[in-house]
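> Sharing a structure with you now.
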Amino acid sequence: MGTPLRWRERSPDIVVGLLTAGLGLAEVAVRTTWGGESGSVLFVLLVALTTAIARPLPAVALALVWLTGVAQFATGLPLLLTQLLLAYVAFAGARWGSRWVLALSGLSIPLGVLVGGVLLVYGQYSPGILVVQGLRDVLDRVGVSLLAGLPIALLTLAAAWLGGLALRFAGNAAVSRRARVEAEQESARAHRETAQAYEIARLRDEQTRMAHDVHDVVGHSLAVILAQAESGQFLPDADPTALKATLRTIAGTARSSLQDVQGVLSATPVPPGRLQALIDGAGSTGFTVRSHSSGPARPLPPELAAVAYRVLQEMLTNALKHGDRDVPVDVVQRWPAGPHEELELSVTNGIPVDGSPSGPGGGRGLDGMRRRLEAVGGWAQVAVDGARFSITASVPVRS
-4 MGTPLRWRER
6 SPDIVVGLLT
16 AGLGLAEVAV
26 RTTWGGESGS
36 VLFVLLVALT
46 TAIARPLPAV
56 ALALVWLTGV
66 AQFATGLPLL
76 LTQLLLAYVA
86 FAGARWGSRW
96 VLALSGLSIP
106 LGVLVGGVLL
116 VYGQYSPGIL
126 VVQGLRDVLD
136 RVGVSLLAGL
146 PIALLTLAAA
156 WLGGLALRFA
166 GNAAVSRRAR
176 VEAEQESARA
186 HRETAQAYEI
196 ARLRDEQTRM
206 AHDVHDVVGH
216 SLAVILAQAE
226 SGQFLPDADP
236 TALKATLRTI
246 AGTARSSLQD
256 VQGVLSATPV
266 PPGRLQALID
276 GAGSTGFTVR
286 SHSSGPARPL
296 PPELAAVAYR
306 VLQEMLTNAL
316 KHGDRDVPVD
326 VVQRWPAGPH
336 EELELSVTNG
346 IPVDGSPSGP
356 GGGRGLDGMR
366 RRLEAVGGWA
376 QVAVDGARFS
386 ITASVPVRS
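Under the numbering used here, think of the first position of the sequence shown as -4, with each following residue one higher.
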């Protein structure tokens, strides 16, 4: 399969070489019939070889042109009209040659015509007299004066070289356009892939956020329900009213939990005022919850309101699950006075004497709370002071 392809690639060069050889041999035959200097068949074949290799090897073809000229002058071979086909070498040097070949082929045109003019003037004193005579014979037969041959040769060679240069520029421009189109396509493909990657990452982050929110909601509600159910066993048997109140509280907590889960799944913003509702709900579990607030409370942007709500929810869940029921739970809200400060939330509870399996703040809840706060520029810290365990969180406040 490779050989036919190479032959197809070389076929234009073979055609040019055969055409040059055919015209040259025909001219030699005609000149022989006229009785003039016939020229050399070997010289014609050398010219044909030069044109055949002009496209794949423009530098070698240009060198052969000058070697052929020197040999022709030294041996006294006559000029042939077929040599005008060497203009193809000038075209090939401008079209396919390197920068050096492009420059040398362009300089060779005026230089070659200048050398021809010198031979025309001083040819009778040099070995090139036969060359000049042969040119004169050819031009006389076609009705062109000897001096008119120089501008004709110059125009022919220059036109061929300029044509090759124009095609060179056009080819380079086409390559640049293709490269630009390919670069634009590659950039567009990379942009699409980046957008897809960002979308996948966004969806995964959204799924992770929803999972954490559901975990916080369910964990908090179960902790509240458990605390309320445990407090029910200490109610007097003869006090059905208190028992019914406890059951209503349990039902209300479960209903609120379901609403929170639905809000998480539907991405419903956290309504204002829910921080205090969380604290009030924790106070109905049998724990003594003492709430303190300083500074003017203000509405938060939806994303910050959700963070503050979930963080306080996790802190209260931690206190209800792992805290000492006999020790009051202190909840502190410190609202800032300025527009670009921080809301500080703190929950402090007692550590049971017998401890707990994971300890206050154990498990994944605290890590999730820290990640949630860090995502908005906040922070959380845990402190243990004797029998008291506290978690403090800071949520940025901005308009």
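All C-beta atoms, glycine included, are put in the ideal place defined by N, C-alpha and C.
Here's a check: name, in chain order, each residue in its chain whose Cβ is nearer than 7 angstroms to the Cβ of glutamate 339, leaving out the five neighbours to either side.
Arg329, Thr387, Ser389
> Is it right to say serine 216 is buried, meaning 16 or more other beta carbons lie within 10 angstroms of its own, or is it exposed?
buried
> If you draw a straight line from the alpha carbon of alanine 206 to that of glutamine 223, how long is it in whole angstroms?
25 angstroms
> If the criterion is Cβ atoms closer than 8 angstroms, does the pair valine 36 and leucine 20 meet it?
yes
> Cutting at 7 angstroms between CB atoms, please list the residues of its own chain near tyrosine 83, excluding the five before and the five after it.
Val11, Thr46, Ala49, Ala155
> Just the Cα atoms here: how many angstroms apart are isoleucine 147 and glycine 159?
18 angstroms
> Per DSSP, what kind of secondary structure is glycine 345 in: helix, strand or coil?
strand
> Between which two residues does the alpha helix (DSSP H) harbouring aspartate 402 extend?
Because the chain spans -4 through 394 in this model, residue 402 falls outside it and cannot be assessed.
> Leaving aside the five residues before and after proline 105 along the sequence, list all residues of the same chain whose C-beta is less than 8 angstroms from its C-beta, in chain order.
Leu149
> Using the three-state DSSP reduction, which class does serine 286 fall into: helix, strand or coil?
Annotated three-state conformation of serine 286 is strand, per DSSP.
> Please look up how many angstroms separate the CB atoms of glycine 107 and leucine 57, rounded, as I've assumed it's under 8 angstroms.
Glycine 107 to leucine 57, Cβ: 11 angstroms. No contact.
> Histidine 186 to arginine 204, Cα distance in whole Å?
26 angstroms
> For a test of your reading of the model: does the CB of leucine 149 fall under 7 angstroms from any non-hydrogen atom of the ligand MG? Yes or no.
Ligands are entirely absent from the displayed structure, and the ligand MG is therefore not among its contents.
> Where leucine 79 and arginine 172 are concerned, what is the direct C-alpha to C-alpha distance, given to the nearest angstrom?
When rounded, the distance between both Cα atoms is 35 angstroms.
> In the DSSP assignment, the alpha helix (DSSP H) including valine 302 goes from what residue to what residue?
297 to 317
> Less than 8 angstroms between the beta carbons of alanine 16 and leucine 40, yes or no?
yes
> Rounding to the nearest angstrom, what Cα-Cα distance links glycine 71 and alanine 169 in this structure?
The alpha-carbon atoms of glycine 71 and alanine 169 are separated by roughly 46 angstroms.
> Valine 55 lies in the alpha helix (DSSP H); which residues open and close that run?
53 to 70
> Please report the straight-line C-alpha distance between proline 122 and arginine 163, rounded to a whole angstrom.
Residue confidence for proline 122 is low, a pLDDT of 44 falling below 50, so the modelled location carries little weight and cannot support an answer.
> In angstroms with no decimal places, state the Cα-to-Cα distance between alanine 314 and glutamate 194.
37 angstroms
> Taking one C-beta from the segment 238 to 248 and one from the segment 298 to 313 each time, how about it: are there three or more such pairs within less than 8 angstroms?
no
> DSSP puts threonine 387 in a beta bridge; with which residues?
Ser341, Gln376
> Considering only DSSP beta bridges, list what aspartate 200 is partnered with.
Aspartate 200 is not bridged to any residue.
> Measuring alpha carbon to alpha carbon, tell me which of Ala66, Pro331, Pro347 ends up nearest valine 379.
Pro347
> Compare the beta carbon distance of alanine 54 and glycine 101 with 8 angstroms and say whether it is the shorter of the two.
no
> Out of curiosity, what's the CA-to-CA distance linking glycine 318 and arginine 285?
14 angstroms
> Quickly, what does DSSP pair arginine 173 with across the bridge? List them, please.
None; arginine 173 has no bridge partner.
> What did DSSP end up calling arginine 367 once you bin it into helix, strand or coil?
helix
> Give the range of the alpha helix (DSSP H) segment to which arginine 293 is assigned.
It is not in any alpha helix (DSSP H) - arginine 293 carries neither H nor E in the DSSP assignment.
> I'd like the span of the alpha helix (DSSP H) that includes valine 36, first residue to last.
36 to 47
> My output table needs one value for arginine 163: the three-state DSSP class, helix, strand or coil.
In this structure, arginine 163 counts as helix in the three-state DSSP scheme.
> Leaving aside the five residues before and after arginine 365 along the sequence, list all residues of the same chain whose C-beta is less than 8 angstroms from its C-beta, in chain order.
Trp374, Ala375
> Please list, in chain order, all residues of the same chain as leucine 13 whose beta carbon is under 6 angstroms from its beta carbon, the five residues on each side excluded.
In its chain, beyond the 5 residues on either side, no residue has a beta carbon closer than 6 angstroms to the beta carbon of leucine 13.
> Valine 392 lies in the alpha helix (DSSP H); which residues open and close that run?
From DSSP, valine 392 is part of no alpha helix (DSSP H); its letter is neither H nor E.
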